[in-house]
Structure formats: structure tokens, C-alpha cells
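**Q** Numbering (my numbering), first residue to last: 15 to 478.
Glycine residues also receive a C-beta, built at the ideal position from the N, C-alpha and C atoms.
Pasting a structure below so you can have a look.
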């Protein structure tokens with residue numbers, strides 16, 4: 015238990031205390047350390063909390079005395095104990111975590127500060143209890159039970175506002191609205207906070223602040239997941255702003271997400287509601303006429319028409335039809351199913367395991383939920399997130415240029431391996447289709463080299 019943003023003065027953390035910081039606690043400490051106004055905050059580990067409860071059972075007070083001293087670090091120079099807020103501080107956000115508990119009255123005496131029937135201790139106990147949603151859900155194997163953290167903060171005055179440090183779609187520097195909500199009026203000092211957090215975290219952050227009479231006080235922040243395109247644009251922008259070096263950008267962009275930019279994707283889903291969801295087992299979006307067998311898929315391809323092969327599941331006899339189809343939709347299967355593996359090899363978008371889908375090949379009809387579709391109807395699938403839409407939605411084709419071209423250029427400058435191919439001479443077999451697909455997409459091969467570069471050695475085995 016220690017103050018990471020005391021009401022007066024600066025936090026002075028030891029190396030071992032710094033190692034304990036995760037999630038919101040890390041960013042609160044970093045922002046306060048940089049001198050930006052930050053709400054007074056103390057961090058409490060589960061190990062310390064359990065020892066406090068053990069002391070209480072033994073009627074001892076040594077650790078409790080230290081705990082009360084920490085609580086006093088939330089008191090400003092006016093000497094009045096503030097109302098309190100209790101938050102979780104997990105390394106990875108999860109919907110099962112306890113929401114912030116606000117407006118908690120400060121303990122009237124030392125015993126109340128550790129009594130689980132009293133407001134503060136009750137909220138702390140609930141926060142720690144909310145961490146227990148399955149082993150390893152925090153995505154940090156080294157984050158054992160004893161290192162879980164709960165934050166106790168002084169309640170901030172003013173209006174509570176939230177915003178993103180960068181736009182979730184374009185990657186442009188914020189402040190940017192959250193989930194399309196209108197952006198509140200912001201003080202000029204928000205720009206300094208946005209720049210500070212972006213430099214410290216190197217990620218899109220959801221930021222919470224209190225604004226009173228134009229003055230901004232930082233409350234907390236957590237990373238948010240955004241599109242690969244936004245992540246890439248942000249990385250290039252940080253290099254242009256001299257926050258990162260080009261090498262930083264190459265090593266910190268997740269190369270596995272770049273493949274999303276090398277496939278067609280939906281331009282927009284505004285006004286379109288998915289009719290079903292499955293597993294996105296091969297990235298990219300596809301739209302076309304429904305066919306129920308490989309022969310019809312081949313005929314559609316010969317006529318220059320896009321089609322979606324809709325089947326209960328695929329097998330070796332369906333290979334030619336899978337190659338001919340623009341996309342694949344199956345009722346059964348998963349990431350390692352025949353459909354998923356072949357779709358990834360051939361570069362076709364695929365959604366598998368749609369439980370509400372049933373296909374009747376004799377009647378040439380399929381049912382998705384309570385809707386019926388026949389051969390000739392149109393569907394759109396998104397193999398990145400597993401959504402299925404009725405009708406034809408507009409698609410955006412991949413483009414190797416702009417930010418991705420810049421990043422791949424930086425990766426070329428520092429690469430240690432090269433890949434050379436003459437794809438036109440390769441026989442088109444099932445295990446060679448990936449190379450044929452990429453013959454007009456050199457960026458895909460360069461992205462593969464980037465994967466090898468950022469992982470410090472030869473790339474994984476790939477069809478030659």
C-alpha cells in the first residue's frame with residue numbers, strides 16, 4: 015500500500031513498488047510524476063489487503079497504522095478528509111470488473127478503514143472479489159493473485175468527462191470522442207495531457223478527467239483496442255512527431271494485425287444489422303451470390319461473378335469450389351477446421367461455426383436464424399469479426415501505400431532476411447495457392463518479412 019499520486023508533494027516509489035504498478039495505476043503514477051494535476055491516489059495490493067484482514071482477526075494494528083497513514087496522503091492542505099472513490103486496476107480491461115464506487119465517506123476511525131461491513135473496506139473487498147473471473151483472464155501470466163491492485167482516490171470536483179487520446183478510426187491525435195458520443199468542451203491543457211499519455215503509453219487510451227472552472231485534473235486511463243489501420247497511422251504519426259524512432263514503430267506494431275489491411279474490408283456497416291455471428295477464421299470481407307456446391311462456385315467464377323460458398327462444412331472434395339468462391343460460410347467448424355485452414359491458405363474470407371445456419375443441399379436452400387435464403391440471393395461476410403449480413407454491402411479494397419507503405423519501408427531498411435519468388439512459375443496446388451495469391455501483392459510478402467524482423471529471427475515455416 016503506497017501513494018502513487020499524493021495530495022501534497024510527489025510520489026517516491028521504490029523499484030519493487032514500480033514493478034507492482036499495472037493498468038490504471040501505472041498511468042496515474044506517470045501522469046502525476048510528469049507534473050500534470052492528478053487526483054490524489056493510493057494503490058493497495060491484494061497481498062496487503064489480506065494481511066490487513068489477517069491482522070484484524072488477530073487484533074493487531076501495526077499494518078493498519080501504515081494503511082491509515084496512506085489514507086491521510088489523500089488529504090489536501092485544507093485538512094478535510096475527502097469523499098473517496100474505489101477503482102480496480104487490472105493489466106487488461108474486463109467487463110466483469112467492479113465499476114468505480116464513488117461517494118464513499120472517509121472512515122471515521124482506524125477500525126472502520128479495515129472493517130468489510132463499513133463503506134470503504136466493503137468497496138475494496140468487492141473490487142478484489144471482481145478479479146476472480148477465471149484463471150489467467152488478466153492476460154498477464156506473471157500477474158498472480160497477490161499482485162492485483164485496487165485504487166483508492168479522493169473524489170474529484172467538477173464535471174467528469176472521458177475521451178480518447180487518438181481517433182479510434184483514423185489514428186489522428188485527439189482528444190477524440192468515445193463511441194461516437196459528442197466531445198465535451200475541453201480546456202487547452204487537455205492537449206498537453208493527450209500528448210503526455212500518447213508518448214508514455216504508445217497506445218490509444220481512454221482517458222477520464224475532472225474539469226472545474228477550466229482546470230483539468232487527471233483521474234485514470236486505460237488502453238483501448240482500435241482498428242489495425244488506426245494503430246498503424248498512430249505509429250507513423252509518432253515517428254513524424256519524433257516521439258518514436260522508425261525502429262520503435264517497426265517493433266511496436268503487431269505484425270499479425272497488418273494482415274487485416276491486406277484484405278478487402280467493409281467500408282461501413284451503418285444501417286446494417288448482422289443476421290448471424292460465427293468465428294472469423296480467415297480475415298477479410300466478401301459479398302456475393304449464394305451457392306451451395308463447388309460446381310456452382312466454379313461456374314460463377316467463370317462468368318466473372320462473386321459468390322459465397324455456403325455449406326454445413328467443407329472437405330477435400332470442395333477445394334476447387336473454395337478457390338473459386340469469393341468467400342466461405344459454414345455452419346460447423348472452427349479455427350483449425352478444413353474450411354478455416356484452406357481459406358487462410360487461399361486468402362479467402364471465411365466465417366465458420368455459425369450455429370444458426372443450416373443448409374439443405376437437396377432443396378438448395380439455407381436458413382440463418384428465422385430467415386430463408388436460396389441460390390442467387392446475396393450475402394456479405396466479414397471473416398475478421400465473424401459477422402454475417404443479408405444483401406450486398408460495399409467493400410474497400412486493400413491498398414499498399416500510405417502508412418503501411420511507410421512502415422514496410424522502415425522495416426526493409428533494417429531487415430536481416432530477404433524473400434525472393436517467381437510466383438508465375440509455381441504450379442497451382444492447394445499448398446501453393448497462397449504464393450499465387452500474393453504475386454500481385456508484394457506488400458503481403460513484405461509484411462511477412464516484417465513479422466520475421468519483429469520476432470527476432472527467421473519467419474515461421476511458409477509454403478515455398
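#1: So the alpha helix (DSSP H) residue 389 belongs to, where does it begin and stop?
#2: Taking the beta carbon of residue 33 as the centre, do at least 16 other beta carbons fall within 10 Å, making it buried, or is it exposed?
#3: Can you list, in chain order, the stretches of the alpha helix (DSSP H) that have 4 or more residues and sit fully within the segment 74 to 136?
#4: Does DSSP classify residue 187 as helix, strand or coil?
#5: Is DSSP giving residue 205 helix, strand or coil here?
#6: Give the straight-line distance between the Cα atoms of residue 167 and residue 180, rounded to the nearest whole angstrom.
#7: Can you give the Cα-Cα distance for residue 289 and residue 366, rounded to whole angstroms?
#8: Measure the Cβ-Cβ separation of residue 242 and residue 211 and say whether it is below 8 Å.
#9: Look at the alpha carbon of residue 380 and the alpha carbon of residue 374, and state the distance between them as a whole number of angstroms.
#10: Alpha carbon to alpha carbon, how far is residue 233 from residue 176?
#11: Determine the extent of the alpha helix (DSSP H) in which residue 287 is found, giving its start and end residues.
#12: Can you tell me whether residue 110 is buried or exposed, with buried defined as 16 or more other CB within 10 angstroms of its CB?
#13: Tell me which same chain residues have a C-beta within less than 7 Å of the C-beta of residue 48, skipping the five on either side of it?
#14: Considering only the alpha carbon of each residue, which of 252, 71, 404, 90 lies closest to residue 187?
#15: With the cut-off set at 8 Å, would you say residue 327 and residue 358 are in Cβ contact?
#16: Residue 173 by DSSP, collapsed to three states: which one?
#17: Compute the distance between the beta-carbons of residue 83 and residue 54, then report whether it is under 8 Å.
#18: Return the first residue and the last residue of the beta strand (DSSP E) that residue 358 is part of.
#19: Leaving aside the five residues before and after residue 45 along the sequence, list all residues of the same chain whose C-beta is less than 6 Å from its C-beta, in chain order.
#20: Which whole runs of the alpha helix (DSSP H) in the segment 255 to 279 are 4 residues long or more, in chain order?
#21: Which same chain residues, not among the five before or five after residue 371, have their C-beta less than 6 Å away from its C-beta?
#22: Alpha carbon to alpha carbon, how far is residue 403 from residue 287? Give it in angstroms, no decimals.
#23: Three-state secondary structure (DSSP) at residue 296?
#24: Just to check my reading of the structure: residue 304 and residue 387 have Cβ atoms closer than 8 Å, yes? What is that Cβ distance to the nearest angstrom?
#25: Exposed or buried, residue 332, counting other C-beta atoms within 10 Å across all chains shown (16 or more means buried)?
#26: Do residue 283 and residue 244 come within 8 Å of each other at the CB atom, strictly closer than that value?
#27: Pull the bridge partners of residue 374 from the DSSP assignment, please.
#28: What does the Cβ neighbour count give for residue 350, buried or exposed, with the cut at 16 atoms within 10 Å?
#29: Whose C-beta lies closer than 6 Å to the C-beta of residue 320 among residues of the same chain, with five residues either side of it excluded?
#30: Output yes or no for whether 8 Å exceeds the beta carbon distance between residue 246 and residue 267.
#31: Excluding sequence positions up to five away, which residues of its chain have a Cβ less than 7 Å from the Cβ of residue 312?
#32: For residue 400, which residues from the same chain have a beta carbon less than 7 Å from its beta carbon, with the 5 sequence-adjacent residues on both sides left out?
#33: Checking 8 Å against the spacing of the C-beta atoms, do residue 428 and residue 261 come in under that value?
#34: Quick check on residue 308: does DSSP put it in helix, strand or coil?
#35: Alpha carbon to alpha carbon, how far is residue 298 from residue 362? Give it in angstroms, no decimals.
#36: Would you decide whether residue 481 is buried or exposed? Buried here means 16 or more other CB atoms lie within 10 Å of its CB.
**A** Let me lay it out:
#1: The residue you call residue 389 lines up with position 375 of the chain shown. Neither: residue 389 is in no alpha helix (DSSP H) and is coded neither H nor E.
#2: Within the chain shown, numbered from 1, the residue matching residue 33 stands at position 19. Classification for residue 33: exposed.
#3: 76 to 86
#4: As a position in the chain shown, residue 187 is number 173, starting the count at 1. In the three-state reduction of the DSSP assignment, residue 187 falls in the strand class.
#5: The sequence position of residue 205 within the chain shown is 191, counting from 1. In the displayed model, residue 205 falls within a helix according to three-state DSSP.
#6: Residue 167 sits at position 153 when you count from the first residue of the chain shown. Residue 180 sits at position 166 when you count from the first residue of the chain shown. About 26 Å.
#7: On the chain shown, position 275 is the one that residue 289 refers to. On the chain shown, position 352 is the one that residue 366 refers to. Going from the Cα of residue 289 to the Cα of residue 366 covers about 14 Å.
#8: Position 228 of the chain shown holds residue 242. Position 197 of the chain shown holds residue 211. The Cβ atoms of residue 242 and residue 211 do not sit closer than 8 Å to each other.
#9: On the chain shown, residue 380 is found 366 positions in, with the first residue counted as 1. On the chain shown, residue 374 is found 360 positions in, with the first residue counted as 1. So the alpha carbons of these two residues sit roughly 6 Å apart.
#10: One-based indexing of the chain shown puts residue 233 at position 219. One-based indexing of the chain shown puts residue 176 at position 162. Approximately 10 Å between the Cα atoms of the pair.
#11: Working through the chain shown from its first residue, we reach residue 287 at position 273. It is not in any alpha helix (DSSP H) - residue 287 carries neither H nor E in the DSSP assignment.
#12: Stepping through the chain shown from its first residue, residue 110 is reached at position 96. With fewer than 16 other Cβ atoms within 10 Å, it is exposed.
#13: The sequence position of residue 48 within the chain shown is 34, counting from 1. Excluding sequence neighbours, residue 48 sits near 210.
#14: For the purposes of this step, residue 187 is identified with residue 173 of the chain shown, where counting begins at 1. When only C-alpha atoms are compared, the closest one is 252.
#15: Position 313 of the chain shown holds residue 327. Position 344 of the chain shown holds residue 358. For residue 327 and residue 358, no; Cβs fall outside 8 Å.
#16: Residue 173 sits at position 159 when you count from the first residue of the chain shown. The answer is strand: DSSP assigns residue 173 an E or B state.
#17: Looking up residue 83 in the chain shown gives position 69. Looking up residue 54 in the chain shown gives position 40. The answer is no: Cβ separation not under 8 Å.
#18: For the purposes of this step, residue 358 is taken as the residue at position 344 of the chain shown. Taken as a continuous stretch (DSSP letters only), residue 358 belongs to no beta strand (DSSP E), being part of the alpha helix (DSSP H) at 352 to 360.
#19: Here residue 45 refers to the residue found at position 31 of the chain shown. Within its own chain, the residues whose Cβ lies closer than 6 Å to the Cβ of residue 45, once the five positions on either side in sequence are excluded, are 52, 232, listed in chain order.
#20: Fully contained in the segment 255 to 279 are the following alpha helix (DSSP H) runs of length 4 or more, in chain order: 260 to 266, 269 to 272.
#21: The count along the chain shown starts at 1 and reaches residue 371 at position 357. 345, 382.
#22: Within the chain shown, the letter at position 273 stands for residue 287. Within the chain shown, the letter at position 389 stands for residue 403. Answer to the nearest angstrom: the Cα atoms are 7 Å apart.
#23: Walking along the chain shown from the start, residue 296 turns up at place 282. The answer is strand: DSSP assigns residue 296 an E or B state.
#24: Position 290 of the chain shown, counted from the first residue, corresponds to residue 304. Position 373 of the chain shown, counted from the first residue, corresponds to residue 387. With a Cβ gap of about 6 Å, residue 304 and residue 387 count as contacting.
#25: Your numbering for residue 332 matches position 318 in the chain shown. With 16 or more other Cβ atoms within 10 Å, it is buried.
#26: Here residue 244 is taken as the residue at index 230 of the chain shown, counted from 1. Here residue 283 is taken as the residue at index 269 of the chain shown, counted from 1. Result no, Cβ atoms of residue 244 and residue 283 do not sit closer than 8 Å.
#27: As a position in the chain shown, residue 374 is number 360, starting the count at 1. Its beta-bridge partners are 379.
#28: To locate residue 350, count along the chain shown from 1; it is residue 336. Residue environment: residue 350 is assigned as exposed (fewer than 16 neighbouring CB atoms within 10 Å of its CB, all protein chains considered).
#29: As a position in the chain shown, residue 320 is number 306, starting the count at 1. So the list reads 302, 340, once near-sequence residues are dropped.
#30: Mapped onto the chain shown, residue 246 falls at position 232. Mapped onto the chain shown, residue 267 falls at position 253. Judged by beta-carbon spacing, residue 267 lies within the 8 Å limit of residue 246, meaning their Cβ atoms are closer than that value.
#31: Position 298 of the chain shown, counted from the start, is the residue given in the question as residue 312. Here the set comprises 334, 335, 338.
#32: Taking the chain shown and counting its residues from 1, one reaches residue 400 at position 386. Result list for residue 400: 291, 292, 293, 294, 365, in chain order.
#33: Counting from 1 along the chain shown, the entry for residue 428 is found at position 414. Counting from 1 along the chain shown, the entry for residue 261 is found at position 247. Taking 8 Å as the Cβ cut-off, residue 428 and residue 261 qualify as a contacting pair.
#34: In the chain shown, counting from the first residue as 1, residue 308 sits at position 294. In this structure, residue 308 counts as helix in the three-state DSSP scheme.
#35: As a working mapping, residue 362 is identified with position 348 in the chain shown. As a working mapping, residue 298 is identified with position 284 in the chain shown. One C-alpha to the other measures close to 7 Å.
#36: Any question about residue 481 goes unanswered here, given that the chain covers just 15 to 478.
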